[in-house]
Amino acid sequence: MIKSDEKPTNLFPLALVTLVGLFLVNILGFIDTQTGSELGCGRDWPFCKGGIIPAEWDLHTAIEFIHRLIVVIDLVLLVFLTVATWKRYRTRKEIRVLMGICFAGFVGEAALGAMTVLFDNPPSVLALHMGLSLVSFTALYLWTAILRQIETGKDQMLVVHKTDRVKQLGKWAWGTFIYCFLVIYFGAYVSFTGSGVYFQGWPFPTESYSQVREALFIDLTHRLMAFVLLLLILRLNLLAYRIRLERKDLWAGSRHTLLLAVLQILSGALLIITKLHLMAFLLHVSIVTLLVCSLSLLGFKTMLSTRGLTTHPSG
Numbered sequence: 001m002i003k004s005d006e007k008p009t010n011l012f013p014l015a016l017v018t019l020v021g022l023f024l025v026n027i028l029g030f031i032d033t034q035t036g037s038e039l040g041c042g043r044d045w046p047f048c049k050g051g052i053i054p055a056e057w058d059l060h061t062a063i064e065f066i067h068r069l070i071v072v073i074d075l076v077l078l079v080f081l082t083v084a085t086w087k088r089y090r091t092r093k094e095i096r097v098l099m100g101i102c103f104a105g106f107v108g109e110a111a112l113g114a115m116t117v118l119f120d121n122p123p124s125v126l127a128l129h130m131g132l133s134l135v136s137f138t139a140l141y142l143w144t145a146i147l148r149q150i151e152t153g154k155d156q157m158l159v160v161h162k163t164d165r166v167k168q169l170g171k172w173a174w175g176t177f178i179y180c181f182l183v184i185y186f187g188a189y190v191s192f193t194g195s196g197v198y199f200q201g202w203p204f205p206t207e208s209y210s211q212v213r214e215a216l217f218i219d220l221t222h223r224l225m226a227f228v229l230l231l232l233i234l235r236l237n238l239l240a241y242r243i244r245l246e247r248k249d250l251w252a253g254s255r256h257t258l259l260l261a262v263l264q265i266l267s268g269a270l271l272i273i274t275k276l277h278l279m280a281f282l283l284h285v286s287i288v289t290l291l292v293c294s295l296s297l298l299g300f301k302t303m304l305s306t307r308g309l310t311t312h313p314s315g
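With full-length UniProt numbering applied, the sequence shown covers 1 to 315.
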């Protein structure tokens, strides 16, 4: 329990800025990959073309250099946020866990980014890079959400009574969350294998096996996984609907998740129609990032409704 004589802090703005920074890191990483700029700084890491600032510039060098620069800036913000959060809220288990996951994901993402520059890696390893980036982002998103609840006093208004229906919804939300990561990993694998350029037609593929070979099976698998994810989220909404009167927050969250799932599928169609245009790709990965965050927040709220939160510091 945090001592009652501690003065309340306002860490939410710092957490929000750090979260936006990490989103930019991920988006720039996606741009880096899609424009073929991974080696814009050569095979040097952490330096760029042999120096801190490269002597010669081109578009690929600029993209890679800006990506690395934003990573460093956001890392500094994350360190400040971690120190301040630990100093004030280290007794809160949920925050300690999220801090650990966020840092582990950030370090893992950076390590895989360095490996991409220094070595030639198979698509399965490259896809893991995107997975870790979303792990880190999701943890920071929940961390930020908790700080907002604490510093606005909303954590004291949470329902703390355990119900079977809320527990069932929580299990389904976390199960869907894990499955969503599998879909994302496979989607990243599709991107890194270059199979997406062969995808045609929507909602059903129209390319023939004789034309694209194994890319057809990759296309079918990805679409099937996306459809199953939609079914899981529909089931999630049904469970939330049953408790809509007593848990309006969970019902609203489930509807937001369903909306994002539909938008994600439509953005996938846009990718095919535009032949993998960069803006369509960025829209696709941005929506799926929001979808993962929405699922995680929904699951986390069911955990809080079971355990409750410890008292936040008062003035």
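The beta carbon of each residue, even a glycine, is placed where N, CA and C say it ideally should be. The model shown is predicted, which means the values in this text are computed figures rather than measured ones.
Check each candidate in the options and name the one with the smallest Cα separation from residue i.
| i | options | result |
| --- | --- | --- |
| G131 | S294, G187 and G201 | G187 |
| G108 | V71, R92, I272 and F80 | V71 |
| F177 | V17, T138 and H284 | T138 |
| W143 | L238, E94 and A269 | E94 |
| V76 | D44, K167, L14 and A240 | L14 |
| F65 | V25, H129, A104 and C102 | V25 |
| M99 | N121, L140, G113 and T91 | L140 |
| L224 | L234, L239, P203 and A240 | P203 |
| A84 | L147, L231 and L278 | L147 |
| T33 | G113, F103 and R96 | G113 |
| H222 | L231, A252, Y185 and L239 | Y185 |
| Y179 | Q211, K87, L230 and A111 | L230 |
| S133 | T289, M303 and L297 | T289 |
| M303 | S124, L239, A55 and T163 | T163 |
| G194 | A240, F181, V228 and S124 | S124 |
| L270 | V197, G153, L291 and D44 | V197 |
| F47 | L28, L69, I27 and D58 | L69 |
| N10 | Q211, V212 and G153 | G153 |
| L128 | E56, F181, W86 and Y89 | F181 |
So, for residue i: in the same chain, excluding its five sequence neighbours on each side, which residues have a beta-carbon less than 8 Å away from its beta-carbon?
| i | result |
| --- | --- |
| I73 | G21 |
| G201 | E207 and I272 |
| V17 | L77 |
| L245 | none |
| I27 | L282, V285 and S286 |
| L19 | F137, L140, Y141 and T144 |
| Q211 | Y198 |
| G55 | In the sequence as displayed, the identity of residue 55 is Ala instead of Gly. Once the five neighbours on either side are set aside, the close Cβ partners of A55 are K49. |
Can you check whether the CB of residue j is closer than 8 Å to the CB of residue i?
| i | j | result |
| --- | --- | --- |
| L78 | F106 | yes |
| G42 | G170 | no |
| S294 | L266 | no |
| E38 | T116 | yes |
| L282 | F23 | no |
| I243 | R165 | yes |
| residue 338 | I287 | Not covered by the structure: residue 338. The range shown for the chain is 1 to 315. |
| K167 | D249 | no |
| E151 | F12 | yes |
| A145 | L291 | no |
Near residue i, what residues of its chain come up, given a Cβ to Cβ distance below 7 Å and the 5 sequence neighbours on each side ignored?
| i | result |
| --- | --- |
| T274 | A280 |
| V135 | I101 and G105 |
| G268 | A226 and H284 |
| K3 | At K3 the pLDDT is 40, less than 50, meaning the model places this residue with poor confidence; the figure from the coordinates comes in the next sentence. Closer than 7 Å at Cβ, skipping near neighbours: no residue. |
| A240 | L169, L250, W251 and S254 |
| V183 | M225, A226 and L229 |
| D44 | G50 |
| V190 | G196, I218 and H222 |
Using DSSP's beta-bridge definition, name the partner residues of residue i.
| i | result |
| --- | --- |
| C51 | It should be pointed out that residue 51 corresponds to Gly in this sequence rather than to Cys. Partner(s): C48. |
Which whole-angstrom value is the C-beta distance of residue i and residue j, which I expect to be below 8 Å?
| i | j | result |
| --- | --- | --- |
| L220 | Y209 | No, L220 and Y209 are not in contact; Cβ-Cβ is about 10 Å, not under 8 Å. |
| L126 | F192 | 4 Å |
| T35 | H67 | Actually they are not in contact, since the Cβ atoms of T35 and H67 sit about 11 Å apart, beyond 8 Å. |
| W174 | R235 | In fact, because the Cβ distance is near 13 Å, the residues do not count as touching under 8 Å. |
What does a CB cutoff of less than 6 Å around residue i pick up in its chain, not counting 5 residues either side in sequence?
| i | result |
| --- | --- |
| N237 | S254 and L258 |
| K49 | C41 and G42 |
| L278 | Q34 |
| A111 | none |
| P205 | D219 |
What do you reckon, is the C-beta of residue i under 7 Å from a heavy atom of the ligand SAM?
| i | result |
| --- | --- |
| E94 | Annotation note on the ligand SAM: not contained in the displayed structure, which lists no ligands. |
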